[in-house]
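Visitor: Residue numbers (the working numbering), protein chains in the order written: chain U, 1 to 115; chain A, 1001 to 1120.
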């Protein structure tokens, strides 16, 4: 069965600091990978996704993620965070070829950025 | 872009009553819809997967007689929480998967805004 692990449950940073959120998945086949953000009181928004091709994926709001197949990882990065990045971030995996395209989420990382 | 709506956005009910939550894809046909539950400060847990016109597939540990799912049309799925109890209080989120014909939306996935259920 697929599973997703996010190593950091809470991260606190100052503005302009660099961010890296870890995500590891467990699945032997080909996967699609996603990062979602959930701002306080809002619904999930897609930050970026990886299906195939260049393992370095650029998303919205200056975020990027790197797919490393050998490490089963898909870490999210941002060089310089802003206060407005305060939110919860979810990594998710979707096994390709699955009949119903189930999307499995990690536990989430709550990011707080202080001005 | 494609939009998924949920109704109601929040509901408070008494213990023992049933609550129906609707999920609609507003400008595309969704052959598959998923229902998730999110407890406070926790991740989204997949409850069930439904395909239009067929029975839902429930994840392990989810009571299908308690969480009734109906996907009667390509744009509407409903989740009914029967005989609700306080422990059912949660944030329920649907996700709609566009059908194969909607090629422009291929591989995209669309979440509803969620329904907050509070059972007293």
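For glycine and all other residues, C-beta sits at the position ideal for the given N, C-alpha and C.
Should the region 81 to 89 of chain U be regarded as contacting the region 1072 to 1079 of chain A, the criterion being three or more beta carbon pairs within less than 8 Å?
Guide: Short answer: they don't touch.
Visitor: Check for me: the beta strand (DSSP E) holding residue 1020 of chain A runs from which residue to which?
Guide: Residue 1020 of chain A -> beta strand (DSSP E) spans 1019 to 1025.
Visitor: Helix, strand or coil: which one does DSSP assign to residue 15 of chain U?
Guide: It is coil, neither helix nor strand.
Visitor: Give the range of the beta strand (DSSP E) segment to which residue 60 of chain U is assigned.
Guide: Note, residue 60 of chain U: premise wrong, no beta strand (DSSP E); not H, not E.
Visitor: Could you tell me whether the Cβ of residue 1099 of chain A comes closer than 8 Å to any Cβ of chain U?
Guide: It does not; no Cβ of chain U falls within 8 Å.
Visitor: Using a Cβ-Cβ cutoff of less than 8 Å, which residues in the same chain neighbour residue 11 of chain U once the five nearest sequence positions on both sides are dropped?
Guide: Within the same chain, residue 11 of chain U has close Cβ partners 19, 21, 109, 110, 111, 112.
Visitor: On a CA-only basis, which of U:49, U:73, U:78, U:47 is nearest residue 27 of chain U? Give me that one, please.
Guide: Measuring from the Cα of residue 27 of chain U, the nearest candidate turns out to be U:73.
Visitor: Note down the Cα distance separating residue 1017 of chain A from residue 1118 of chain A, rounded to an integer number of angstroms.
Guide: The alpha-carbon atoms of residue 1017 of chain A and residue 1118 of chain A are separated by roughly 12 Å.
Visitor: Skipping 5 residues on each side, what residues in its chain have a beta carbon closer than 6 Å to that of residue 78 of chain U?
Guide: Excluding sequence neighbours, residue 78 of chain U sits near 19, 62, 63.
Visitor: Do you know offhand how far residue 6 of chain U's Cα is from residue 1025 of chain A's?
Guide: C-alpha separation (whole angstroms): 30 Å.
Visitor: Three-state secondary structure (DSSP) at residue 20 of chain U?
Guide: If DSSP states are grouped into helix, strand and coil, residue 20 of chain U belongs with the strands.
Visitor: At a CB distance below 8 Å, what residues from the region 98 to 115 of chain U approach chain A? Give them in sequence order.
Guide: For the region 98 to 115 of chain U, which is checked against every Cβ of chain A, the residues closer than 8 Å are 100, 101, 102, 103, 104, 105, 106, 107, 108, 110.
Visitor: Quick one: complete beta strand (DSSP E) runs, 3+ long, within the region 24 to 55 of chain U?
Guide: Taking only runs of at least 3 residues, the beta strand (DSSP E) segments lying wholly in the region 24 to 55 of chain U are 24 to 26, 31 to 38, 45 to 50.
Visitor: Is residue 191 of chain U helix, strand or coil by DSSP?
Guide: In the structure as shown, chain U begins at 1 and stops at 115. Residue 191 of chain U is therefore absent and cannot be evaluated.
Visitor: Name, going along the chain, the residues of the region 28 to 55 of chain U whose beta-carbon falls closer than 7 Å to a beta-carbon of chain A.
Guide: So the list reads 43, 44, 51, given in the order they occur along the chain.
Visitor: Whole angstroms are fine: how far does the CA of residue 1082 of chain A sit from the CA of residue 1072 of chain A?
Guide: Taking the straight line from one Cα to the other gives about 18 Å.
Visitor: Identify the contact partners of residue 90 of chain U in chain A, using a Cβ-Cβ distance below 9 Å as the criterion.
Guide: 1043, 1044, listed in chain order.
Visitor: Helix, strand or coil: how does DSSP classify residue 121 of chain U here?
Guide: The structure shown does not extend to residue 121 of chain U, since chain U spans only 1 to 115, so no value can be given for it.
Visitor: Does residue 1082 of chain A get closer than 8 Å to chain U when you measure Cβ to Cβ?
Guide: Chain U, which has no Cβ nearer than 8 Å to the Cβ of residue 1082 of chain A, makes this no.
Visitor: Let me check one thing: in DSSP terms, what residues is residue 1074 of chain A bridge-paired to?
Guide: Partner(s): none; residue 1074 of chain A has no beta bridge.
Visitor: Are the beta-carbon atoms of residue 37 of chain U and residue 93 of chain U separated by less than 8 Å?
Guide: Going by C-beta atoms, residue 37 of chain U is not nearer than 8 Å to residue 93 of chain U.
Visitor: Taking residue 1095 of chain A as the query, report the chain U residues whose CB atoms sit under 9 Å from its CB, ordered along the chain.
Guide: Simply 44, 103.
Visitor: Near residue 1039 of chain A, what residues of its chain come up, given a Cβ to Cβ distance below 7 Å and the 5 sequence neighbours on each side ignored?
Guide: Hits under 7 Å: 1090.
Visitor: Skipping 5 residues on each side, what residues in its chain have a beta carbon closer than 6 Å to that of residue 1020 of chain A?
Guide: If we look at residue 1020 of chain A and ignore the five residues flanking it on each side, its Cβ neighbours are 1078, 1080.
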